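Trainee: Just so we're aligned, residue 44 is where the sequence shown starts under my numbering, counting upward by one.
Ideal placement from N, C-alpha and C gives every residue a C-beta, glycine not left out.
All values reported here derive from a predicted model rather than from experimental measurement.
Quick one: structure below, then a few questions.
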Amino acid sequence: VTRDGNIKSITILNTDIDTVDSSPLYYTVYDFTKDEFNDTVVIDTEEEDIDELGSELNPTIVSGFQGYKGGFDNIGKGTPEGDGKDKAMRNIADGFIGEIIDINGLTSTNTSYDILRKKSLKKYGSSYGIGNSKNDSSDYYSIATYQKNQKDIIMLARNKELANKPLNESTKLNIDVVNKSGGEFIVGDMPGVDSQFIDYLQKIGAKFTIYHTGDTPRIKIKQTEKQDKKSVVSPKIDTSREWKGDLKSRSVYTNEGINTMRTSAALLNEHFGNPFSEAGYGNTIKVDTIADAVIAYKDWLLGTKHNNVNPEQREWIINQINQGKLDGATLLYAGKSEARGQGMHPTALVEIFDILRNTIKEDTTKKEKPFSGLEGEQLK
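In structure tokens form, the structure reads like this:
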């Protein structure tokens with residue numbers, strides 16, 4: 044489509060779905076400016092992985108593509124709760140745009156909409172969305188919940204049964220509203236399902252990130268243009284401070300750095316402290332070992348476990364990360380706690396930061412030990 048709205052070309056994908064195992068896939072491009080068809084491209088399905096085809100048909104990229112975020116587990120795939128990728132996206136998203144077959148269906152897409160609608164209502168007191176209408180030529184719904192005129196992060200998802208079906212026009216309108224407001228998008232990597240979102244986001248130049256489970260995304264975007272992406276530096280940890288007489292009553296944000304401990308100077312749900320501990324200090328949840336406290340902290344922030352524990356605090360921490368407040372920051376932690384050699388929750392916090400943000404590494408303090416999942420912390 045040209046800038047003035049005229050159609051320049053159209054790609055036509057042809058296949059016999061019933062015989063896809065034995066029949067080749069092919070597509071042709073009709074160029075309206077030349078009034079002719081370009082060469083037909085045939086894809087040999089015996090040599091290509093059908094699951095990857097959607098990623099290769101439209102390899103062009105625009106500057107809005109921010110990259111991939113992966114490594115999430117696939118436990119829960121196909122269930123209403125969704126897999127680790129779905130849960131991670133819900134955690135950082137402010138709203139949702141998607142498509143479903145059944146308004147009352149028990150799918151991860153329905154779950155994402157329900158969770159993010161409540162989140163939007165709690166944050167803004169209202170929720171906006173165009174439609175909930177069916178596509179004129181089919182029987183699936185467009186659903187959305189977000190706030191207009193906000194630079195928010197919006198999750199995109201569709202039912203897997205909508206594979207290879209076009210986006211509803213209402214869905215596109217919702218995406219346009221968010222894009223024009225300066226918002227950005229996060230989307231999965233299911234070929235033929237999420238591909239339609241990605242194609243449209245590329246078309247309008249929207250800012251988006253692709254989430255995937257495992258080490259390798261199923262949709263591969265070829266970088267044909269240099270990305271205008273600002274590198275984000277991971278926080279470093281400073282353990283030169285002490286709990287008593289300093290961090291115990293120090294504000295969260297100070298000139299020396301960010302206090303990551305449960306400080307008396309912070310509001311109830313606005314601090315980076317760990318709600319889990321091996322000894323069950325204060326109002327913390329007692330776990331079996333110190334290592335379990337650190338692991339629980341990371342799972343809690345990822346949203347893979349402990350979703351009913353201090354949800355307001357977890358949302359606050361995630362928002363601090365997404366707003367860039369930890370970019371290149373110094374995280375303050377008690378030296379005596381670190382000196383025990385049993386790990387510390389700020390290390391897990393940095394790992395969550397690296398998952399949620401595109402980062403480059405800087406040297407951290409010599410005292411810092413990498414979080415291995417085998418160590419923990421003694422929390423105050």
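For the stretch 202-222 against the stretch 159-167, do three or more pairs of beta-carbon atoms, one drawn from each stretch, fall closer than 8 Å, so that the two count as touching?
Mentor: Not touching, per the Cβ criterion.
Trainee: Just reading off the alpha helix (DSSP H) that HIS388 is part of, what are its end residues?
Mentor: In the sequence shown, the residue the question calls residue 388 occupies position 345. Looking at the DSSP string, the run of the alpha helix (DSSP H) that includes HIS388 is 388-399.
Trainee: Checking 8 Å against the spacing of the C-beta atoms, do VAL152 and ILE143 come in under that value?
Mentor: As a first step, residue 152 must be located in the sequence shown, where it is residue number 109. As a first step, residue 143 must be located in the sequence shown, where it is residue number 100. First, the amino acid is wrong: residue 152 is Thr here, not Val. For THR152 and ILE143, yes; Cβs fall inside 8 Å.
Trainee: Please report how far the alpha carbon of THR214 lies from the alpha carbon of ILE395, in whole angstroms.
Mentor: Residue mapping note: residue 214 aligns to position 171 of the sequence shown, counting from 1. Residue mapping note: residue 395 aligns to position 352 of the sequence shown, counting from 1. Cα to Cα, the separation comes out at about 31 Å.
Trainee: Just verifying my parser: in three-state terms, what is the DSSP assignment at ASN326?
Mentor: Here residue 326 refers to the residue found at position 283 when the sequence shown is read from its first residue. In the structure shown, ASN326 sits in coil (DSSP, three-state: anything other than H, G, I, E or B).
Trainee: Could you say which of ILE262, VAL220, LYS246 lies nearest to VAL236 if we only look at CA atoms?
Mentor: Your numbering for residue 236 matches position 193 in the sequence shown. With distances taken between Cα atoms, VAL236 lies closest to ILE262.
Trainee: Quick check on DSSP: helix, strand or coil for ILE364?
Mentor: Taking the first residue of the sequence shown as 1, we reach residue 364 at position 321. In the structure shown, ILE364 sits in a helix (DSSP, three-state: H, G or I).
Trainee: Can you give the beta carbon distance from PRO318 to VAL352, rounded, assuming they're within the 8 Å contact cut?
Mentor: Along the sequence shown, read from residue 1 onward, the residue named residue 318 stands at position 275. Along the sequence shown, read from residue 1 onward, the residue named residue 352 stands at position 309. At roughly 6 Å, the Cβ-Cβ gap stays under 8 Å, so PRO318 and VAL352 are in contact.
Trainee: Quick one: what's got a C-beta closer than 7 Å to LEU159's C-beta in the same chain, skipping five residues either side?
Mentor: On the sequence shown, position 116 is the one that residue 159 refers to. Excluding sequence neighbours, LEU159 sits near ARG133, ALA136, GLY138, PHE139, THR188, MET198.
Trainee: Locate the alpha helix (DSSP H) running through THR188, then write down its first and last residues.
Mentor: Numbered from 1 along the sequence shown, position 145 holds the residue referred to as residue 188. It is not in any alpha helix (DSSP H) - THR188 instead sits in the beta strand (DSSP E) that spans 184-188.
Trainee: Could you tell me the alpha carbon to alpha carbon distance between LEU149 and ASP129, rounded to whole angstroms?
Mentor: On the sequence shown, position 106 is the one that residue 149 refers to. On the sequence shown, position 86 is the one that residue 129 refers to. If you take the alpha carbons of LEU149 and ASP129, they lie about 15 Å apart.
Trainee: Can you grab the Cα-Cα spacing for the pair GLY231 / ASN302, in whole Å?
Mentor: As a first step, residue 231 is located in the sequence shown; it is residue number 188 there, counting from the start. As a first step, residue 302 is located in the sequence shown; it is residue number 259 there, counting from the start. Cα-Cα distance, rounded: 34 Å.
Trainee: Below 8 Å between beta carbons: does that hold for TYR183 and ILE218?
Mentor: Here residue 183 refers to the residue found at position 140 when the sequence shown is read from its first residue. Here residue 218 refers to the residue found at position 175 when the sequence shown is read from its first residue. Taking 8 Å as the Cβ cut-off, TYR183 and ILE218 do not qualify as a contacting pair.
Trainee: Threshold first: 3 residues or longer. Then list the beta strand (DSSP E) segments lying entirely within the stretch 115-160, N to C.
Mentor: Entirely contained in the stretch 115-160, the beta strand (DSSP E) runs reaching 3 residues are, in chain order, 138-143.
Trainee: Would you kindly work out how many angstroms separate the C-alpha atoms of LYS246 and LYS287, rounded to a whole number?
Mentor: As a first step, residue 246 must be located in the sequence shown, where it is residue number 203. As a first step, residue 287 must be located in the sequence shown, where it is residue number 244. The straight-line gap from Cα to Cα measures roughly 56 Å.
Trainee: In chain order, what residues of the same chain have a beta carbon less than 7 Å from the beta carbon of THR347, not counting five sequence neighbours either side?
Mentor: Position 304 of the sequence shown holds residue 347. Correct list, in chain order: GLY127, LYS130.
Trainee: If we ignore side chains and look at the alpha-carbon of each, how far apart do ASN192 and ALA200 end up?
Mentor: Taking the sequence shown and counting its residues from 1, one reaches residue 192 at position 149. Taking the sequence shown and counting its residues from 1, one reaches residue 200 at position 157. Going by the C-alpha atoms only, they are around 21 Å apart.
Trainee: Tell me whether THR83 is buried or exposed, calling it buried when 16 or more other Cβ atoms sit within 10 Å of its Cβ.
Mentor: Residue numbering aside, residue 83 sits at position 40 when the sequence shown is read from its first letter. Residue placement at THR83 is poorly supported in this model, since its pLDDT is 37, which falls under 50; the coordinates are not used for a value here.
Trainee: If you draw a straight line from the C-alpha of PHE251 to the C-alpha of ILE241, how long is it?
Mentor: Within the sequence shown, the letter at position 208 stands for residue 251. Within the sequence shown, the letter at position 198 stands for residue 241. Approximately 8 Å between the Cα atoms of the pair.
Trainee: Measuring alpha carbon to alpha carbon, tell me which residue in ARG305, ALA336, TRP359, ASP335 is nearest GLY8.
Mentor: Given a span of 44 to 423 for the chain in the structure shown, any question on residue 8 remains unanswerable.
Trainee: Where do the N-terminal and C-terminal ends of the alpha helix (DSSP H) with ALA339 fall, by residue?
Mentor: Taking the first residue of the sequence shown as 1, we reach residue 339 at position 296. Looking at the DSSP string, the run of the alpha helix (DSSP H) that includes ALA339 is 333-345.
Trainee: Ordered along the chain, which non-local residues of its own chain (more than five positions away) have a Cβ less than 6 Å from that of HIS388?
Mentor: Reading the sequence shown from its first residue, position 345 is the one you call residue 388. Contacts found: ASN317, VAL337, TYR340, GLU420.
Trainee: What's the gap between the Cα of ILE30 and the Cα of ILE118?
Mentor: Only positions 44 to 423 of the chain appear in the structure, and residue 30 is not among them; the question remains open.
Trainee: What's the call for LEU369, buried or exposed, on a 16-neighbour Cβ count within 10 Å?
Mentor: In the sequence shown, counting from the first residue as 1, residue 369 sits at position 326. Counting Cβ neighbours within 10 Å, LEU369 comes out buried, since at least 16 surround it.
Trainee: Could you give the distance in angstroms between the alpha-carbon of ASP157 and the alpha-carbon of SER307?
Mentor: Indexing the sequence shown from 1 puts residue 157 at position 114. Indexing the sequence shown from 1 puts residue 307 at position 264. For ASP157 and SER307, the distance between alpha carbons rounds to 35 Å.
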